C-alpha cells in the first residue's frame, strides 16, 4: 500500500510518488512507512512540572504536530490547547534540525506576541520545552475556510469585512511590535479561526518570522496568497497585507485567489453586489508592487471606514447655491464684504425685509474662488442646531470627506441623545472645513436658540492654517455679534434705482423715478413689486401718488400686484405660499393645484422676480420672499388651505418625506394623520438631525384629539425629542404622562419608555428613581419572549447594573449583568448589548481585586464591540482594559489601550467620554514619572467636565488631582481638591469614591505629621468600607489607620491593623497599595526595634515602587535603606509585621 507524503510546511497530503508539495512547492520527505517516534498522549495524562495541564482529547494531527484539548487545573479549570511537536522516525538530520528550529521559533514568536498581547492572537499560557509543547488559549469555533466550504454564495460583504478587520488589527500589532516587525507569512482562510462570539483569531504561526533577525528568508507560504517578493525570499510587512487582500477576495467571491503571475478577475465581476470601494481596496492590497499596497495600519483604518459606512444612510444632497442674481448699486457693499471676510472670517449682513441681504450673500458666494467649498443653508422656523450640523456633515460627505457624516450617524444609531455641543465637534474637526465659506441665510429665524449661537461660535473658533469664513444674514443684530462684525444694508440710492428701472424697461421721467425711490426708500423688494404694478398699470401717476401717500406700503403693493395677475398665476402664487417658506418642486405645486400645466406660470412669475428659484438635487425649487408668502397664504380661505395642505401631505407621503407630510396634515387640521406620520418612524427624523422640528410639530398637535394609543405614542416621541434637546424636565413629564395612560401597545415600546426615563434621571444623579424605572421596564420586558424585547431587557439590565454599581450594590449589579446576558438571544445576535453587559461584569470582578480575570472578560467584550461596529463602546471597553492593566502594573499595555481609546473618542468628538480617558491616562503618566504631562491632561479634563456640568466626572478628576498634588508634596492643593471631590461624591451617593477621598486625605495628614487628623480619616474610612464590603479599600483604610497609630506610639494597635492590611493587599490589592503597605510595615518594624524586618519590608517595597514608578515613595525608601543596611537583607523574613 502506498502512503501519502505529508508536507512539513503546510501539512498537505500529496501522492506517494510526489517529490514536491503540490500546494506550497516545498521538497517532500518520505515518512509514510514508519510509525511516529512518540505515541499520542493518553486521556488524563498530566503535563508540566507542576502537573498543571490534564489532557482531555486529541483534536488534530498534522505531518509534524498534534493538537490536544486540555484542562488547566490551576486556573479555574479553563480549557486550553496544547500544540505538541511530533517527529517521524528516519527523518534526515538537516530536516530534523529545521523542524525543531521552526517549532522553537514559533514558540518564541508567540511568547513575544503575548507581551502585552492582542485580542485577535490566541493568548500563550506557557511553553514547555521538555515536552516540546506550547500551551495556548483554546479558541472554540471554525476556520474561515470551513465556513466557506459550506457556503453556496460568497459571505455577505459586512461579515467578510469584519473578519478581515479583526485579522488586520492583529497584523498591525505584529508589524509594530516593540521587538521589530513580526510577519505571519501564511495568512489565508484556514489560518483564521472564528470563535463563538464572532471574533477572528490568527492561528498557525509556524511560518512566522521576526523580520529584524531574518532579513533573508525562504519563500514559505501558500500560492495565491504569496506576493512576488515573498516567493523571491524577501517578504516584508506588506506581504501579509497582500495575503489579507487575497483572503478578503476569497471570502467575497468564493473563488480562490490565483497565483500572482495570473490575471486577477475583479471581485466586482464575480460578485456584482459589492461596493466599488471594496473591490478597489482588494486590488490595492493585491498590487504586485509593494509600494502600491497600504501598510496594515492604513488598511485597518480603511476597513473601519468601509464597515462604518456599510450600514449608514447615504448623506443628503447639499442645498445648492441659489441662482446668481443681477445686482445694482451694491459694488461698494460687495467689496467691503469681501475685504471683511478675508480679514475677520465672519460677517453678518443686516437689514430690513426686502433690502436684498440674501441676494448680496448669493452674489458674494458666487464670487468665491473655490465654488465647491461653499456651503449654503437657509434657516426655517423651528429648525434646531442638529439639523444645521446634519446638513453640514452631508455637504462634507458629498465633497468626499464622509468622516463627520459617519460619526454623527454612528452616534445616532447608538440611540444615545446628545447635544449640539458634541455634534458640532464632528464637523469642526473635519480637515475639509478649512478654507470653506459657510453661508447661513435668515439667521434671525433661529437666533433665539442658544444652541444655534453656540454652534456658530464654535465654528468661528475652528483652528486651521486657513480657517473657514462665515457669512450670515439677519434682519436685526444678534447679541453675540459685535458692531464691527456687522455690515448694515440699506435701500438703493437714486442713481441705482434709476438704473434698475431702465434695466427693467420701465420708462419713468426723473421726477417720477425720484418719487418712486422716496416712497419705497430704495428697498429692492418693494421696487420689484412696484415695477410689476407699474408695468401692468395704465395710470402710473395715480399709482405713484398712492405709493407716496399710503402708510401700509407693503400691503398696498401686494394688492396692486395681485390685482394684475391672471387667475392661473394667482393659483400658483397661493400654492407656493402654502409651502410655508420651505419651497418645493413643480410636481408638488401641481399636486396641490391638481393641475399638471403650471410650467408657463412658474417661468413667467420667476422672470418677474415674484418667485425665488433655487436649484435642488431633484430639480428647481420655487419659494417666495417672506412678505409675499405671508400675503398669499392669508389670501386663501381656511377651507381651501386645509384641502390644499391635505393634497400636499398626500404627495409628500408618496415621496417618503413623512416629516414634511406631517407638517401639512397638521395645517390641514388632520391631527390623527399628522401624529401617525410623526410617531411611525421617529428614529428616522432624529437620525437626520430633526429633533427640533419634531418637537415643534409635536407641541402644535392637540394630543387630546387623538386615540389613547396614538396620544401615548405622540407624548413618547415628543419626550424623546425634548431629551435630545436637553430639555429633560419637560421630557420626563411627557414620558411619565405616557406611562400613566392605560393603553394597548407592544411591551417593547413601554419598556423602552422606562429605559429613556431611567437614562435621563441617571444623568441627573437621581439613582433611586433610575433603579425604579429600570425594574419597572424589566417587569414588562421579561413578560415577553420575542427577540426585540429580549434585547430591550438586556439594555435595561445594563442600565440597572450601572446604577447599582454607583449605589455600591455590587451583588445586585453582578446579578443584573448575569441576568442580562442570560436574556439575550443566542450568539452572534446582539453583540453590542452582550459587550456592554460583559464590560460591567468585568468591572465588578476587577473591583474585588481580580484584575487578570477582569482583563480576560474585557478582551471578550472588546471583540464583541468591534464585531458590532460600535466604536464608542469599543473606546469605553479599551478604557477599562487600560484601567485594569494599570492596576496590575502593566503600564505599557495600559497606556497603549488608553491612547487608542482616547484617539477613537477624539475622532468621534465625544468630549464627555474624553474626560474619563484623560483622567485615567493622567494617572498612568503620573505612575510613569511624568507628573507635568499628567497635570496637563487633568486640567484639560477638568475644563471639559466643568463646561458640560459633569459633576461625577469632575469629582473623579479632583480626586486624581489630589493624588497628583500629594505625590508632588503640594499638600494644601491636595487637600482642597480632595475635600471638594468628597463633597460631590457624597451628594451623588457614590460611597466607594467618597472613601477613596477619605483614605487619601489620611495620607495627606500623615505626610504633614497630623497624626490625630490621619487617625480620624482612617477610622471613618474603615467604618464606611466595611459597610460597603470592598476588600481592596478595606486594606487601604487599615493601612492609614495603622500608620496613624504608629505616629501616636500605639504600636500594638498599629501591628494588628497592618497585619490585616498586608494579608488583604497581598491577596487582593494592586502593586501600588502593596508597596505603600510594605513601607508602613517597615516603619512599624523600625519602631519596634526589628531592623532586619524593617530592611526586608523596605527592600520589597522598593522593588515594587521602582516597577510602578512611584517616585515619591522611591525617594523615601532609598533614604531609609542606608541607615538600616547594617543588619543585612533577608528575603526569608516572615511577611508579618
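Residue numbers (the UniProt record's numbering): 1 to 1137.
Where a beta carbon is used, it is the ideal one built from N, C-alpha and C, also for glycine.
Computed from a predicted structure; not experimentally measured.
Query raised in the report: Going by the CB atoms, is the gap between residue 991 and residue 1024 shorter than 8 angstroms?
Result: yes
Query raised in the report: Under the rule that 16 or more other beta-carbon atoms within 10 Å means buried, what is residue 790, buried or exposed?
Result: buried
Query raised in the report: Rounded to a whole number of angstroms, what is the C-alpha to C-alpha distance between residue 746 and residue 103?
Result: 60 angstroms
Report task. For residue 977, count neighbouring Cβ atoms within 10 angstroms of its own Cβ and tell me buried if that reaches 16, exposed if not. Result -> buried
Query raised in the report: Is the stretch 329-339 close to the stretch 627-640, with three or more CB pairs under 8 angstroms?
Result: no
Query raised in the report: For residue 473, which residues from the same chain have a beta carbon less than 7 angstroms from its beta carbon, with the 5 sequence-adjacent residues on both sides left out?
Result: 349, 357, 358, 361, 441, 442, 443
Query - Cα-Cα separation between residue 968 and residue 1021, rounded to whole angstroms - result: 24 angstroms
Query raised in the report: Which residue or residues does DSSP assign as beta-bridge partners of residue 68?
Result: 58, 82
Query - Contact belief for residue 1158 with residue 470 at Cβ below 8 angstroms, rounded distance in angstroms - result: An answer regarding residue 1158 cannot be provided, because it is not within the stretch 1 to 1137 covered by the chain.
Query raised in the report: Cα-Cα, which of 528, 337, 107 is closest to residue 345?
Result: 337
**Report entry** Assigned exposure category for residue 582 - 16 Cβ within 10 Å defines buried
**Finding:** exposed
**Report entry** residue 845 versus residue 851 - alpha carbon distance
**Finding:** 7 angstroms
Query - Cβ pair residue 915, residue 875 closer than 8 angstroms - result: no
Query raised in the report: What residues in its chain sit with their C-beta under 8 angstroms from that of residue 742, if we drop five residues either side in the sequence?
Result: 708
Query - Residue of 975, 983, 989, 1028 minimising C-alpha distance to residue 1013 - result: 975
Query raised in the report: Less than 8 angstroms separating the beta-carbons of residue 735 and residue 756?
Result: yes
Requested in this report: Determine the closest residue to residue 448 out of 542, 999, 381, 505, with distance taken between C-alpha atoms.
Outcome: 381
Requested in this report: List the whole-angstrom C-beta distance separating residue 1139 from residue 960, where the pair is believed to meet the contact cut-off of C-beta under 8 angstroms.
Outcome: Here the chain comprises residues numbered 1 to 1137, so residue 1139 is not present and cannot be evaluated.
Query - residue 718 - DSSP class collapsed to helix/strand/coil - result: helix
Query - Selection from 608, 485, 838 that minimises the alpha carbon distance to residue 325 - result: 608
Query - Where the beta strand (DSSP E) containing residue 614 begins and where it ends - result: 612-616
Query - Chain-order list of residues whose beta-carbon lies under 6 angstroms from that of residue 143 (same chain, five-residue window excluded) - result: 190, 193
Query raised in the report: Expressed to the nearest angstrom, what Euclidean distance is found between the alpha-carbon atoms of residue 625 and residue 611?
Result: 7 angstroms
**Report entry** Cα-Cα separation, residue 1177 to residue 1061
**Finding:** Outside the displayed span of the chain (1 to 1137) sits residue 1177, for which this structure offers no information.
Query raised in the report: How about residue 241 and residue 120: do their beta carbons lie closer than 8 angstroms?
Result: no
Report task. Please list, in chain order, all residues of the same chain as residue 512 whose beta carbon is under 8 angstroms from its beta carbon, the five residues on each side excluded. Result -> 540, 541, 544
Requested in this report: Would you kindly report the start and end of the unbroken beta strand (DSSP E) that includes residue 203?
Outcome: Premise fails: residue 203 is in no beta strand (DSSP E) and is neither H nor E.
Report task. Counting only runs of 4+ residues fully inside the stretch 301-374, write out the alpha helix (DSSP H) ranges in chain order. Result -> 331-344, 357-366
Query - Selection from 777, 596, 761 that minimises the alpha carbon distance to residue 750 - result: 777
Query raised in the report: If you run the structure through DSSP and keep just helix, strand and coil, what is residue 472?
Result: strand
Requested in this report: Compute the Euclidean distance between the alpha carbons of residue 532 and residue 523, then round it to the nearest angstrom.
Outcome: 14 angstroms
Query - Of the residues 996, 1008, 1030, 1029, the one placed nearest residue 1018, counting alpha carbons only - result: 996
Report task. Whole angstroms is fine: what's the gap from residue 1046's alpha carbon to residue 1121's? Result -> 19 angstroms
Query raised in the report: When we look at the beta-carbon of residue 658 and count the other beta-carbons within 10 Å, is it buried (16 or more) or exposed?
Result: buried
Query raised in the report: Just the Cα atoms here: how many angstroms apart are residue 918 and residue 669?
Result: 53 angstroms
Requested in this report: Label residue 870 either buried or exposed according to how many other C-beta atoms from any shown protein chain fall within 10 Å of its C-beta, with 16 as the threshold for buried.
Outcome: buried
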